[in-house]
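Here the protein sequences come in this chain order: A and B. For the first sequence, the residue numbers in my numbering are 4 to 943. For the second sequence, the residue numbers in my numbering are 515 to 698. Notes follow once the structure below has been shown.
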Amino acid sequence: MPTIFIDGQELQVKDGENVLEACLNAGLDLPYFCWHPAMGSIGSCRQCALVQYQNEDDSRGRIIMGCMTPVTEGARFSLQGDKAKEFREAVVESLMLNHPHDCPVCAEGGECHLQDMTVMVGHSQRRYTGQKNTYRNQYLGPLIHHEMNRCITCYRCERYYKDYAGGKDLGAQASHDHLYFGRHEEGVLESEFSGNLVEVCPTGVFTDKPFLKQYSRKWDLQSAPSICTGCAVGCNIAPGERYGKLKRVHNRYNHEVNGYFLCDRGRFGSGYVNSDARLDYAGIKKPDDSFMAVHQQQALETAAGWIKGKKVAAIGSPRASLEANYLLREMVGAKNFAAGFSDTEAPLMSAVALILKTTKAQIPSIKKIEAADAILVLGEDVTNTAPRVALALRQSVRNKSFELAAQMGLPQWQDAAVRNLAQDQRSPMIIVSAMDTKLDDVASECISLAPDQIADLTVAIVAALANQASGNNEQANQIAQILQSAKNPLIVTGSSMLNLGIIDGAVAIAEALCTDDTSAMLSVCVPESNSIGAALLRSGSDDAIGLTLSDLVNNAPDVLLVMENDLERRLSPDEMHKLMGKGTKVISMDMLENPTLGASDMVLPAASYAESQGSLVNMEGRAQRYFPVFEPTAERLPSWQWLLKLGAITGHKALSKLNHFDEVVAACANSQAEFTDLARAAPDNSFRDRGLKIPRQTHRYSGRTAMNAGVSVHEPQQPHDTESPLAYSMEGLNRDQPSSLTPFVWSPGWNSNQALQKFQAEVDGPLKGGTAGQHLVVSSTMGYTAISSLSKGASQQVKSTAVKMQPHQWQLVPVHRVHGSDELSVNTDEIAELAGCAFVALGAVVAEKLAVTDGDGVVLGCGDTQLSLEVKVLRRVAKNCVGYSAGYKETLALQPATLVTLTKDAKWQRREPQLIASDRTIPDPIILDPNIAKGGSAHV
Amino acid sequence: MSKSQMIQTDVGSALSVDEIAEIDAELAHVPYKSGAAIDALKIVQAKRGWVSDESLRGIAKHLDMSAEELEGIATFYNLIYRRPVGEKVILFCDSVSCWISGCDDIKSKISKLLGVDYGETTKDNLYTLLPVPCLGACDRAPVMMVGDDLVTHLDDKKIKELFGKVKTKSTSSSKAGPKSEGSQ
Chain A
4 MPTIFIDGQE
14 LQVKDGENVL
24 EACLNAGLDL
34 PYFCWHPAMG
44 SIGSCRQCAL
54 VQYQNEDDSR
64 GRIIMGCMTP
74 VTEGARFSLQ
84 GDKAKEFREA
94 VVESLMLNHP
104 HDCPVCAEGG
114 ECHLQDMTVM
124 VGHSQRRYTG
134 QKNTYRNQYL
144 GPLIHHEMNR
154 CITCYRCERY
164 YKDYAGGKDL
174 GAQASHDHLY
184 FGRHEEGVLE
194 SEFSGNLVEV
204 CPTGVFTDKP
214 FLKQYSRKWD
224 LQSAPSICTG
234 CAVGCNIAPG
244 ERYGKLKRVH
254 NRYNHEVNGY
264 FLCDRGRFGS
274 GYVNSDARLD
284 YAGIKKPDDS
294 FMAVHQQQAL
304 ETAAGWIKGK
314 KVAAIGSPRA
324 SLEANYLLRE
334 MVGAKNFAAG
344 FSDTEAPLMS
354 AVALILKTTK
364 AQIPSIKKIE
374 AADAILVLGE
384 DVTNTAPRVA
394 LALRQSVRNK
404 SFELAAQMGL
414 PQWQDAAVRN
424 LAQDQRSPMI
434 IVSAMDTKLD
444 DVASECISLA
454 PDQIADLTVA
464 IVAALANQAS
474 GNNEQANQIA
484 QILQSAKNPL
494 IVTGSSMLNL
504 GIIDGAVAIA
514 EALCTDDTSA
524 MLSVCVPESN
534 SIGAALLRSG
544 SDDAIGLTLS
554 DLVNNAPDVL
564 LVMENDLERR
574 LSPDEMHKLM
584 GKGTKVISMD
594 MLENPTLGAS
604 DMVLPAASYA
614 ESQGSLVNME
624 GRAQRYFPVF
634 EPTAERLPSW
644 QWLLKLGAIT
654 GHKALSKLNH
664 FDEVVAACAN
674 SQAEFTDLAR
684 AAPDNSFRDR
694 GLKIPRQTHR
704 YSGRTAMNAG
714 VSVHEPQQPH
724 DTESPLAYSM
734 EGLNRDQPSS
744 LTPFVWSPGW
754 NSNQALQKFQ
764 AEVDGPLKGG
774 TAGQHLVVSS
784 TMGYTAISSL
794 SKGASQQVKS
804 TAVKMQPHQW
814 QLVPVHRVHG
824 SDELSVNTDE
834 IAELAGCAFV
844 ALGAVVAEKL
854 AVTDGDGVVL
864 GCGDTQLSLE
874 VKVLRRVAKN
884 CVGYSAGYKE
894 TLALQPATLV
904 TLTKDAKWQR
914 REPQLIASDR
924 TIPDPIILDP
934 NIAKGGSAHV
Chain B
515 MSKSQMIQTD
525 VGSALSVDEI
535 AEIDAELAHV
545 PYKSGAAIDA
555 LKIVQAKRGW
565 VSDESLRGIA
575 KHLDMSAEEL
585 EGIATFYNLI
595 YRRPVGEKVI
605 LFCDSVSCWI
615 SGCDDIKSKI
625 SKLLGVDYGE
635 TTKDNLYTLL
645 PVPCLGACDR
655 APVMMVGDDL
665 VTHLDDKKIK
675 ELFGKVKTKS
685 TSSSKAGPKS
695 EGSQ
């Protein structure tokens, strides 16, 4: 550990770091712009200047850039000396020459790194009286607003977008004082990670466009620590609320999960929380199939009446919290509980849960994924199914360049030098998939195979790994050799192909790679935010494996409870009709109007993730807690509270004993071994920081007494949070609290998100409050064995593809899209606009044969069904395969591996480009009567 | 007729057969396709006088680059023209040696003769006037380049000889020079 001197003060610093990092680690305020902990240094902004002295006698010194200077033993620097301070002030003054005085109308104002740095260097007087540059801004799509006049040319945006996230359509243009950051021409930014520009830009060039439409200052937002429900990665987020609306979602740092970055689904996909399609009141179906709104109590009493003495079953949800799913299972008993997976998905999810519990391979966090030096991706288009993992994979292929840099004695943070040295040399990443994936551009090899052939290839790779000499599959031998020669090999797979063979094969490869000195990593992507939680719950029950949806369809209960699950996405229309038919009373709770609610006999309005608390188990088995950002409005309740109330009113033996969230967590933790540590995901309700709850509001939160004056001049009492250690208040301390309870980052002088470095134990390290979340299942030494009973779904699939393919027939392969395939986020206008319409993905050869190009239409024939869909032409598609948009409403009925015919749709009307989402027709609310029915129970 | 109208483009590409051949010859010398980006821009500019959006996208496609990447390179260099220029570009040095030798006066006279200011093209499309920091001929200041020719020791007589016959007062408002989103 070298010792350096800053203003005469002796500092023990970390070997290999730069002086800027050393200063920040020592808690010193050294201004910077272009440096970013995840992206290293390029020395472009000249802001982090210090004076370095040769020795003790040197009194003149020379200006150096902190971010470009490695620490060396005995080096002497001045941070507070006049020369260094004057230089830094001059840099800000020069940056401010062209910067407009538009802070009051700028969305960055109040959380602007440039504001913070300007104040920090003491530049308070403008001497420049000339004209400023003005630029033409570009339309960059529905998510990002562009305002080039504010640019200070730090290059962070370009470096993030191109170098870090692999985007191609944003760049630096021109030079000196007319530098411009934008696209070649106006248009939607193509990257799935464009939203991070909002946080990466140190000023207001790139801002959150949906947030601008309903803007509030950072200090006026009420925030809570939360978990993204967009996919199973479980990125930590900090959503902000004001006036009862969810305003925006910001990244919340978790060292091991998302780090500094989110995907656009996570950042912008929460608009549905404010949707007009949200359910406000409970409703009971009237004979004319419309719903009558009723009070909570009335609904509960009616439901209790229906349930009493009847055969009740329940369907849980992989997108609802573990606690809510647990309560539902307790309410009806494990024998009558289905976790809510479709029949095709259920065996896969059971297998993944079993893999997490038993595999010898290491299940990596995203941080660990970044350390992989050879990657095999099997069947998964990770960018579209677990986006944040794909961003990590983009970093892991850089390990080759870090190796080269180490040989040259270059530190990793010397970003430009390291990239220049490596050029396009990357660590190997082999992608085996049916079609294009968004990581193809950094892959060393892309192999296009149909899903079943991918499974076959895994078998060949395992054979090659067992004995390298034998086996005549050259491709498999080659892959095996690459994996074997790596120090940290990583196998990435997932359930998106709905093919168990691929997953089993991936595990077999990873386990075959585990030797005494190598522990191979295995990452399995699953679709929904709590898929793993629901799968663990299902397989963990003592009674049996639980019900499948088809069990329920074939043996309908008297009363069916459906929680946060749109069964249209899991069942065919026929099955759905059978299940929800007249014989069964269906009680559904959910947030947004959907076909399941429409077909139910009673609907209960559930709170969204932003209005409730619970735990979600991510794809690596990490339980993470989300907390309410604001109180649910109207008569909405979190699902777990609906269930407790229903348990109390029906006098349920177990449920009526539970009153509070913490009791539910404790009961859940005791229910099965996997959940033992559930309570450790976050501190309980009794936690106090120096005697106080953690405030959700900043200490500058304004208008608390006035913001509802339009409704009533009487100041309402602040809501009281009885369930969590967070308060709906600005009173309390926001420093050094446990990371799972950090609602936002702020530190004196650091109003922007860069305040994060004050919360980190060291630069780019874990937070001082520890890493949020708790691993529920830790990989074992046992090894995973595929259970034959679980493979039922897979064998069925093998059978269906074994059918001999006729000419002009293609095999369906699901294609996932980050915008469009997810059930909830697509209810956000901006996401719907980006999702476009359902599509068929074809290879160039097939497209030519059918005489269609991008944007044309084809008729997809599948048995009696004829679907007219838009064509997307892909670069590579496996032989005899054709893709379909998975998760899109129009294509929900399609099943993978079925054989289809294709013909050109002559009547197809090409879609106008840039359809404005707000022009979409919004379905009529299903509860037409907004007046709460008065008095009396409302039995149908 | 302007240069660009004379070019025959290859079917399916914004580039002509000749341009593609010349760019391919450059590609043989570089390890990465993008390494030939500057040469490719110069080749197209030599044939057409400037690099249009369409040409830029054509080059980018030919070099497996994104249009944004190539745009960054094209706009970085002041002498790659992203807007149409006249038949000849006047690169007028306004750097220190020329300034001492009275280039300001010469420049205003040229502007008067041609009826154009910096960044503008004469209406007959013969000349585009651009400033340049130095032409490396300080010993013969003031200097400028007209097309490919260096003209030294500028004085009233010389510029009258050169531009006296050009019809004046025919300023076109179209600004030449590198495509810049900014204007001061």
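Positions of the beta carbon are idealized from the N, C-alpha and C atoms, including for glycine.
DSSP on residue i, reduced to helix/strand/coil?
i      : result
B/K689 : Bear in mind that a pLDDT of 46 at B/K689, under 50, signals an unreliable position, so the number given afterwards is only what the model happens to contain. Correct three-state label for B/K689: strand.
A/F340 : strand
A/R245 : strand
A/Q700 : strand
A/I9   : strand
A/S544 : Unreliable placement is indicated for A/S544, whose pLDDT of 48 sits below 50; the coordinate value is still reported in the next sentence. If DSSP states are grouped into helix, strand and coil, A/S544 belongs with coil.
B/C617 : helix
B/F677 : helix
A/H149 : strand
A/V876 : strand
A/H655 : coil
Measuring only the C-alpha atoms, how far is residue i from residue j?
i      : j      : result
A/Y275 : A/V201 : 21 Å
A/E514 : A/H819 : 28 Å
A/K660 : A/A610 : 23 Å
A/T679 : A/E348 : 26 Å
A/C70  : A/K165 : 21 Å
A/L503 : A/G497 : 9 Å
A/D724 : A/Q225 : 14 Å
A/K288 : A/A306 : 12 Å
A/G43  : A/D767 : 10 Å
B/L644 : B/I604 : 6 Å
A/S950 : A/S603 : An answer regarding residue 950 of chain A cannot be provided, because it is not within the stretch 4 to 943 covered by chain A.
A/V16  : A/R65  : 21 Å
B/M579 : A/S368 : 33 Å
A/V236 : A/V392 : 7 Å
B/K563 : B/I552 : Here residue 563 of chain B turns out to be Gly, not Lys, going by the sequence shown. Each residue's Cα considered, the two are about 15 Å apart.
A/N621 : A/L359 : 11 Å
Residues of chain B with CB under 8 Å from residue i, in chain order?
i      : result
A/S194 : Those within 8 Å of A/S194 in chain B number zero; the least Cβ separation is about 12 Å.
A/L173 : E582
So the beta strand (DSSP E) residue i belongs to, where does it begin and stop?
i      : result
B/K602 : K602 to C607
A/Y629 : R625 to Y629
A/A844 : F842 to G846
A/L667 : The sequence as given places Val at residue 667 of chain A; Leu does not occur at that position. Where A/V667 is concerned, there is no enclosing beta strand (DSSP E), although the alpha helix (DSSP H) it sits in stretches over F664 to S674.
A/Q562 : It should be pointed out that residue 562 of chain A corresponds to Val in this sequence rather than to Gln. Taken as a continuous stretch (DSSP letters only), the beta strand (DSSP E) holding A/V562 covers V562 to M566.
A/E448 : E448 to S451
Look up residue i in the DSSP assignment and give the residues it is bridged to.
i      : result
A/G185 : A/G174
B/V646 : B/C607
A/E578 : DSSP lists no partner for A/E578.
A/V589 : A/L563
A/M432 : A/I378
B/Y461 : The structure shown does not extend to residue 461 of chain B, since chain B is modelled only from 515 to 698, so the question has no answer here.
Could you name the residues of chain A that residue i contacts, counting a contact when the two beta carbons are closer than 7 Å?
i      : result
B/G586 : G174, A175 and Q176
Give the residues of chain B in contact with residue i, contact being defined as C-beta atoms less than 7 Å apart.
i      : result
A/R186 : E582
Using a Cβ cut-off of 9 Å, pull out every chain A residue sitting near residue i, in sequence order please.
i      : result
B/F701 : Beyond the ends of chain B as shown, which are 515 and 698, falls residue 701 of chain B; an answer cannot be given.
Taking the alpha helix (DSSP H) that residue i falls in, what are its first and last residues?
i      : result
B/A551 : A551 to R562
A/Q301 : Q299 to I310
B/T589 : A581 to F590
A/M411 : N402 to M411
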